[in-house]
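Visitor: Quick one: this structure, given as structure tokens, is what I'll be asking you about.
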Amino acid sequence: MASHGHRRLATGAAPYGWLYLLPALAFTVVFFVVPLLFVLGVSPMQWDGISAFQFAGLRNYIALMEDSAFSTAFTNTLLWIAVGLFVHLPLALLVALLLSKRPAGWRVFRTALFVPSIISTTALALLWYFIFNPDFGLVSALLALIPLEGLQGLRLLADPTTALWATQLPYVIYLGFPMMVFLTQISAIPEEYFEAARIDGAHDWQMDLHVTIPLVKPAIIVNSLFVVTYNLRLFEYPFIMTDGGPANASINLSLYIYKTMLQSFDYGGAMAASAATIAAGLVIVGLMFTVARRLPGDTR
Amino acid sequence: MKRMVRPRSAVFLVALLLVSLAPFLWLLLSSFKSALELYQHPFALPSRWSADNYVTAFAQQPMIAYLRNSLLAAIGSTVLAVAMAALASYSLLGRLRMPSWLAGFLTFGIFLPTSAFIVPYYFIVNWAGLYDSVLGLIVVYAGVSLPLAFLIVKTYMDTVPRQLLDAASIDGAGFNGTFWRVVLPLSGPGLATACIFLVIVGWNELLLASLLTGTKAAQTVQVGIRSFLEAYHADYPVAFAAIIVAVLPIIAIYLLLSRYIVSGISQGAVKYE
Chain F
0 MASHGHRRLA TGAAPYGWLY LLPALAFTVV FFVVPLLFVL GVSPMQWDGI SAFQFAGLRN
60 YIALMEDSAF STAFTNTLLW IAVGLFVHLP LALLVALLLS KRPAGWRVFR TALFVPSIIS
120 TTALALLWYF IFNPDFGLVS ALLALIPLEG LQGLRLLADP TTALWATQLP YVIYLGFPMM
180 VFLTQISAIP EEYFEAARID GAHDWQMDLH VTIPLVKPAI IVNSLFVVTY NLRLFEYPFI
240 MTDGGPANAS INLSLYIYKT MLQSFDYGGA MAASAATIAA GLVIVGLMFT VARRLPGDTR
Chain L
0 MKRMVRPRSA VFLVALLLVS LAPFLWLLLS SFKSALELYQ HPFALPSRWS ADNYVTAFAQ
60 QPMIAYLRNS LLAAIGSTVL AVAMAALASY SLLGRLRMPS WLAGFLTFGI FLPTSAFIVP
120 YYFIVNWAGL YDSVLGLIVV YAGVSLPLAF LIVKTYMDTV PRQLLDAASI DGAGFNGTFW
180 RVVLPLSGPG LATACIFLVI VGWNELLLAS LLTGTKAAQT VQVGIRSFLE AYHADYPVAF
240 AAIIVAVLPI IAIYLLLSRY IVSGISQGAV KYE
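Protein chains in written order, with numbering that gives the first Met the number 0: chain F, 0 to 299; chain L, 0 to 272.
Structure representation (structure tokens):
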């Protein structure tokens, strides 16, 4: 590569130009290529981290499929992605549409809704862990206002049927970041488009549906990709609010990997789960790209 | 130009605002109460505004160390990652005729869930002798954030007009000179955007910090506040105080830099599709 640069460079300057590239290249190899190979290479091994590798073939993967905690973690992660794409994002878009009409005080709303989304997820998870506390939490107090026997003293985080949804609630509410992405894209739409639609007699919501939304397709794509990658990595909400419980009801893939590694010391198993996570991620992102190309509106 | 919003939309916005912010207000107020008062009067104003919880948090836990570690990890990794991204982006501007897949290679990591790499990261860090050290966090954060930094910086650097690069080389600036005296200064806003995003991400990170540190000497503030859950399960208001302290820096950053944060996102929303 150095000789290529040397030969073709018009100014004859930099055979060492590729040195500029080297640090980034090295870090990418160390932190992405090597781990990827590591995960793929070690997941068929039986390994406790200390002794030698023992080839175990598909055993780790089979154990994975037989582990109910893993299948729960897998489906829960898919549910997180679904909630992100079909609840969190549409709500963010709705808020962005409303704020784009610049009602009185819209800047205050924009700031107040955005700031929580840059605060650490750790702090948000801790906060909502307390909000769900049955003794002094806001949720219990609100439920107490409803005079239904079954709603008293609910331990939403400790109940297997509600634990997952309880951990997802703060994620749905704090939509400031995708809202901001939508808002800035909406404000980039030239006014003439709306003028033309209004002349044709369109109502406000018709303009939203047929003018605005198709034109924010790039923002929808960017936000959707971010939602998928974010939820594949998501760790804080299940880790802090429920530790994956009760009885693994709210565990997800990253927490499963973390626990398999640090509590069971089952590195082969952790890596099999890691491989599954990466595979799932690639499939979902691939599906999204295919769908994105087929949708009407501005394409890349 | 103002358009009118329907009443039910206004109600929706206000409701969302309340649900988003009321918990924070409650957290702030409760951080000034004693544990007893929290259980007896969870939603009243503190009867006596006391900073005891804050004092306890700092006295009994190494909050200063946690904050320092978070600061070093966030800023150190950001400087490292953005520097590497800037150098790499420049080398790929086109003058060196590098293979076009290189840009994609440096970016594809964005799609990989880093939670799937905790086992190899753990072993790499141990092998390098960087376990339980802030330097280890700096290096790992820089590596993990590099794709994002590169994407932001490269997209911005690509907008530098070719005429300026050609003019510089005609003036005899050379490869290095053009970088330091022309391209880098012009890329300022892109570099700033990348820095802001990376610092926020680095400050907020939990998984890798939990994984790669073992003692309080190297732990970050996110790991610290999480440990308050166990340490203070009988005295939650102290944990509340710690959480407030942990989020104030990010809020301060936003209040100071909101213009840049918003413009950074708007550049992204328009360009990255």
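The C-beta atom is built at its ideal place from N, Cα and C for all residues, glycine as well.
(1) Quick one: what's got a C-beta closer than 6 angstroms to VAL41/F's C-beta in the same chain, skipping five residues either side?
(2) Drop a sphere of 10 angstroms on the beta-carbon of LEU254/F, count the other beta-carbons inside from all chains shown, and report buried for 16 or more, exposed for fewer.
(3) Which stretch, first to last residue, makes up the alpha helix (DSSP H) that contains TYR128/F?
(4) Using a Cβ-Cβ cutoff of less than 7 angstroms, which residues in the same chain neighbour TYR235/L once the five nearest sequence positions on both sides are dropped?
(5) Which whole-angstrom value describes the C-beta separation of THR120/F and ASN203/L, a residue pair presumed to lie in contact below a C-beta threshold of 8 angstroms?
(6) Assuming GLN184/F contacts PRO217/F (C-beta within less than 8 angstroms), just tell me the rounded distance between them.
(7) Using the beta-carbon count (16 or more within 10 Å), is GLY285/F buried or exposed?
(8) State the DSSP-derived secondary structure class of PHE54/F, mapped to helix, strand or coil.
(9) My output table needs one value for MET97/L: the three-state DSSP class, helix, strand or coil.
(10) Buried or exposed: where does SER46/L fall if 16 or more other Cβ atoms within 10 Å of its Cβ makes it buried?
(11) What is the DSSP secondary structure of GLN60/L, reduced to helix, strand or coil?
(12) Here's a check: name, in chain order, each residue in its chain whose Cβ is nearer than 8 angstroms to the Cβ of LYS55/F, leaving out the five neighbours to either side.
(13) Can you grab the Cα-Cα spacing for the pair SER67/F / ALA278/F, in whole Å?
(14) Can you tell me which of the three DSSP states GLN167/F falls into?
(15) In chain L, what lies closer than 9 angstroms to ASP134/F by C-beta?
(16) Would you mind reading off the limits of the alpha helix (DSSP H) that contains ALA191/L?
(17) Taking PRO115/F as the query, report the chain L residues whose CB atoms sit under 8 angstroms from its CB, ordered along the chain.
(18) In angstroms, rounded to a whole number, what distance separates the CA positions of ALA95/F and SER265/L?
(19) For ASN59/F, I'd like the list of residues in its chain whose CB is within less than 8 angstroms of its CB, leaving aside the five on either flank, ordered along the chain.
(20) Report back the beta-carbon spacing between GLN39/L and GLY223/L to the nearest angstrom; my notes put them in contact at under 8 angstroms.
(21) Taking 8 angstroms as the threshold (beta carbon to beta carbon), is GLY200/F in contact with chain L?
(22) Roughly how far, in whole angstroms, is the beta-carbon of ASN305/F from the beta-carbon of TRP79/F, given that I think they are within contact range, below 8 angstroms?
(23) Against MET179/F, what residues of chain L qualify as contacts under a CB-to-CB distance less than 8 angstroms, listed in chain order?
(24) Report back the beta-carbon spacing between PRO22/L and TRP127/F to the nearest angstrom; my notes put them in contact at under 8 angstroms.
(25) Quick test of your reading: ALA87/L and LEU105/L, contact by CB under 8 angstroms. State the CB separation rounded to the nearest angstrom.
(26) Where PRO146/F and ALA140/F are concerned, what is the direct C-alpha to C-alpha distance, given to the nearest angstrom?
(27) Does the stretch 107 to 126 of chain L come close enough to the stretch 167 to 186 of chain L to have 3 or more Cβ pairs within less than 8 angstroms?
(28) What are the residues of the stretch 229 to 250 of chain F that lie near chain L, defined by any Cβ-Cβ distance shorter than 7 angstroms?
(29) Any beta carbon from chain L within less than 8 angstroms of PRO189/F's own beta carbon?
(30) Exposed or buried, THR71/F, counting other C-beta atoms within 10 Å across all chains shown (16 or more means buried)?
(31) Just to confirm, are LEU164/L and LEU97/F a CB contact at a threshold of 8 angstroms?
(32) For a test of the three-state rule: what should DSSP assign to GLN45/F, helix, strand or coil?
(33) In chain A, which residues lie less than 7 angstroms from MET83/L when you measure between Cβ atoms?
Guide: Well, looking at it:
(1) MET270
(2) buried
(3) 120 to 130
(4) ALA34 and LEU37
(5) 7 angstroms
(6) 7 angstroms
(7) exposed
(8) Looking at PHE54/F - three-state DSSP - the assignment turns out to be strand.
(9) coil
(10) exposed
(11) Correct three-state label for GLN60/L: coil.
(12) In the sequence on display, residue 55/F carries Ala and not Lys. Closer than 8 angstroms at Cβ, skipping near neighbours: PRO43, MET44, GLN45 and GLY267.
(13) 19 angstroms
(14) Helix, per DSSP.
(15) LEU37, TYR38 and PRO41
(16) 187 to 203
(17) SER19, LEU20 and PHE23
(18) 13 angstroms
(19) SER42, PRO43, MET44, GLN45, GLY267, GLY268, MET270 and ALA271
(20) That pair is no contact at about 28 angstroms.
(21) no
(22) Given that chain F is displayed from residue 0 to residue 299, the structure contains no residue 305/F and the question cannot be resolved.
(23) VAL261 and ILE264
(24) 7 angstroms
(25) For a cut-off of 8 angstroms, the C-beta gap from ALA87/L to LEU105/L is around 6 angstroms, short enough to register as a contact.
(26) 12 angstroms
(27) In the pairwise beta carbon analysis, the stretch 107 to 126 of chain L is classified as not touching the stretch 167 to 186 of chain L: fewer than three pairs are separated by under 8 angstroms.
(28) LEU231, ARG232, PHE234, GLU235 and ILE239
(29) no
(30) buried
(31) no
(32) If DSSP states are grouped into helix, strand and coil, GLN45/F belongs with the strands.
(33) Of the protein chains in this structure, namely F and L, none is chain A.
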